[in-house]
Amino acid sequence: MKLFSKLLSRTDIGKRLSIPMKSFVSFPSFKVGHALDLQVKDESGSLWLFRLSIRKKKYLKPVFSKGWCKFVQSKNLKFGDKVKFYKEEDEASGAQYKIKAKKAVKIFGVVFGYAKA
Numbered sequence: 043m044k045l046f047s048k049l050l051s052r053t054d055i056g057k058r059l060s061i062p063m064k065s066f067v068s069f070p071s072f073k074v075g076h077a078l079d080l081q082v083k084d085e086s087g088s089l090w091l092f093r094l095s096i097r098k099k100k101y102l103k104p105v106f107s108k109g110w111c112k113f114v115q116s117k118n119l120k121f122g123d124k125v126k127f128y129k130e131e132d133e134a135s136g137a138q139y140k141i142k143a144k145k146a147v148k149i150f151g152v153v154f155g156y157a158k159a
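Take any residue in the sequence shown, count from 1 to its spot, add 42: that is its number in this note's numbering.
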């Protein structure tokens with residue numbers, strides 16, 4: 043099940059990935075504190091560890107922080123590229139999280155589509 047798709051902003055590239063609030067309910071609940079580490083698999087089968095955190099105040103604003111920038115650098119993602127995030131339920135192993143990164147295909151600065159990163 044697709045949780046969200048997002049065009050990457052400059053903040054998403056340089057610091058953290060802001061997660062749409064409507065998708066937040068599909069992530070594991072926080073047992074203690076305001077952060078948890080989430081294992082995510084990319085299209086090539088590589089595993090990534092992202093820290094999912096929220097603010098301590100009323101406005102939660104979920105983000106991926108720790109581990110996210112390493113993923114961005116590894117995939118050479120830039121402003122305007124796209125990520126899609128999925129959750130797959132498996133009876134034997136529970137929820138599996140997956141991410142797909144797409145690079146913007148530009149000709150003379152105009153985006154014509156997206157290709158696998």
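Just so it is clear, CB atoms sit at the ideal spot from N, CA and C, and this is done for glycine as well.
Keep in mind that this is a model prediction, so the values were computed, not measured.
- The criterion of a C-beta distance shorter than 8 Å is satisfied by Gly155 and Val147.
- For His76, the closest of Leu50, Arg97, Val67 and Lys144 by C-alpha to C-alpha distance is Arg97.
- In terms of Cα proximity to Val67, the closest of Leu45, Lys83 and Leu59 is Leu45.
- Here Trp90 is bridged, per DSSP, to Val82.
- Between Leu49 and Phe106 the beta-carbon gap is near 16 Å, outside 8 Å, which marks them as no contact.
- Listed as beta-bridge partners of Leu59 by DSSP are Phe106.
- In the displayed model, Lys148 falls within a strand according to three-state DSSP.
- The C-beta distance from Val114 to Ile61 rounds to 15 Å, too long to meet the 8 Å contact threshold.
- Its chain contains Lys142 as the residues whose beta carbon lies nearer than 6 Å to that of Glu85, once the 5 sequence neighbours on both sides are disregarded; these appear in chain order.
- With respect to the C-alpha of Trp90, the residue from Phe150, Tyr139 and Ala157 having the closest C-alpha is Tyr139.
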